[in-house]
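If you count the sequence shown from 1, position 53 lands on 53 in UniProt numbering, and the numbers rise without skipping.
All C-beta atoms in this analysis are idealised placements derived from N, C-alpha and C, irrespective of residue type, glycine included.
A short write-up of the structure that comes next.
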Amino acid sequence: MTEAHDWLDAEAGPLVRNFALTGGRTRPGATAFDLLTYVVGIGEVDEEVALRLHPEHRAILARAETPVSVAELASHVNLPLGVVRVLLHDLLELGTIERHDPRQATTFPDDELLKAVIHGLRAR
1 MTEAHDWLDA
11 EAGPLVRNFA
21 LTGGRTRPGA
31 TAFDLLTYVV
41 GIGEVDEEVA
51 LRLHPEHRAI
61 LARAETPVSV
71 AELASHVNLP
81 LGVVRVLLHD
91 LLELGTIERH
101 DPRQATTFPD
111 DELLKAVIHG
121 LRAR
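Here it is as structure tokens:
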């Protein structure tokens, strides 16, 4: 007979899992990962670093063999975005991934264009 626990949900699994995965951290540190930031693994991970990786870190590295956006990565490893951002920060500090941030827009549409778009949408 199995004992029921308040911290275990049959459908969702252990309720403390994400907290445990990130060591209680809720923010990725000084390095924020935008949804559109691309990450890619740098290849072979040395043995000392590999011993420090959790299975979720390994899953991220396996998916990041080719460049992948943070949003897509979170979907593929089936983890919440916040958890993936914290784990990516760990991997970046360990030197196992590279990040490529999206280009920032240098020009923005003028007000007249935006007004025309709004007017067109309202006319529908």
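According to the DSSP secondary-structure assignment, Ser69 is paired through a beta bridge with Tyr38. Taking a C-beta distance under 9 Å as the contact criterion, Leu36 and Ser75 do not qualify as a contact pair. If you ignore the 5 residues before and after Leu92, its C-beta comes within less than 7 Å of the C-beta of Thr31, Arg99, all in its own chain and listed in chain order. DSSP places Glu56 in the helix class (H, G or I) of the three-state scheme. If you compare the alpha carbons of Phe33, Pro102, Arg63, Thr96 with that of Asp46, the shortest gap goes to Thr96. Spatial neighbours of Tyr38 in its own chain (CB-CB distance under 6 Å, excluding positions within 5 residues in sequence) are listed in chain order as Pro67, Ser69, His100. Bridge pairing for His100: Tyr38 [DSSP]. Rounded to the nearest angstrom, the gap between the Cα atoms of Leu73 and Leu51 is 22 Å. Here DSSP, grouped into helix, strand and coil, assigns Gly120 to helix. One alpha carbon belongs to Arg85, the other to Val77, and they sit about 12 Å apart.
Inter-residue distance for Pro102 and Gly41 is about 17 Å (C-alpha atoms, whole angstroms).
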